[in-house]
Amino acid sequence: MSSFGLVSTQTQHLIASMLSDDVFVDKFLSESVKRLGTRHGFLSRGLAQLGIGSLKSNAGLYCWMDLRRLLKEPTFEAEMELWRVIINEVKLNVSPGASFHCSEPGWFRVCFANMDDETMRVALGRIHKFVAQKKGGEASSRRQCRRSKLEISLSFRRLDEIMSPHHSPMSSPMVRART
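So that you can map any letter, position 34 of the sequence shown is 34 in full-length UniProt numbering, and since no number is skipped, the others follow by simple counting.
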């Protein structure tokens, strides 16, 4: 909840009260799933229109964008070089796949959960301009993207497995810790 300081007792109490209200949690999760699905669809369709593939997923706060064709060579060093250009020149905050132990260079994670429609349009516009410049013109950036058979699939059973310390997919003991 806070990156730079302690969370106040009042805030902790408010959050604990909200999370103990089953009706609120059910409505919140339902609305969250709906909004995240809409946002993911907006981003993935926008990327596809630009000729950029993305992994098909059914859950999450982010999307995996396929920029392998923009790498100078298929290496993680080239991925980091491309990432620096995207951060410094395109002015988009994306994360390189190497940061998440991707086995293949050229995949970038884009968090869409906190973007409104206008921010999403600006981001897609910047990506479009960058791809057009990188490939030598707008015609090549509109190439139809190949459909990837890669998928991310997460079952959703009201967080049962995530909440169980015996089945936690997290490797950090800090993430698994419960009070």
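Yeah, the Cβ is synthetic: ideal placement off N, Cα and C, and Gly gets one too. Since we're looking at a predicted model, the values are computed, not measured.
Residue range of the beta strand (DSSP E) that includes residue i
| i | result |
| --- | --- |
| F112 | Counting along the chain, F112 falls outside any beta strand (DSSP E), and DSSP gives it neither H nor E. |
Distance CB(residue i)-CB(residue j) smaller than 8 Å
| i | j | result |
| --- | --- | --- |
| L67 | L82 | yes |
| L71 | P105 | yes |
| C63 | S44 | yes |
| F76 | V94 | no |
| L50 | H128 | yes |
| E79 | A48 | no |
| L61 | L36 | yes |
| M65 | V122 | no |
Limits of the alpha helix (DSSP H) - the one that residue i falls within
| i | result |
| --- | --- |
| D66 | Here D66 belongs to no alpha helix (DSSP H); instead the beta strand (DSSP E) covers 62-66. |
| residue 188 | The structure shown does not extend to residue 188, since the chain is modelled only from 1 through 179, so no value can be given for it. |
| R69 | Element bounds for R69: n/a, residue is neither H nor E. |
| A98 | Taken as a continuous stretch (DSSP letters only), A98 belongs to no alpha helix (DSSP H), as it is neither H nor E. |
| E79 | 76-85 |
Integer-rounded CB distance, given that residue j should sit under 8 Å from residue i
| i | j | result |
| --- | --- | --- |
| F130 | M120 | That pair is no contact at about 16 Å. |
| G53 | L124 | Not confirmed; about 14 Å, so no contact. |
| R126 | V90 | 5 Å |
Heavy atom of the ligand GDP within 7 Å of residue i beta-carbon
| i | result |
| --- | --- |
| T11 | The ligand GDP is absent from the structure shown, which contains no ligands of any kind. |
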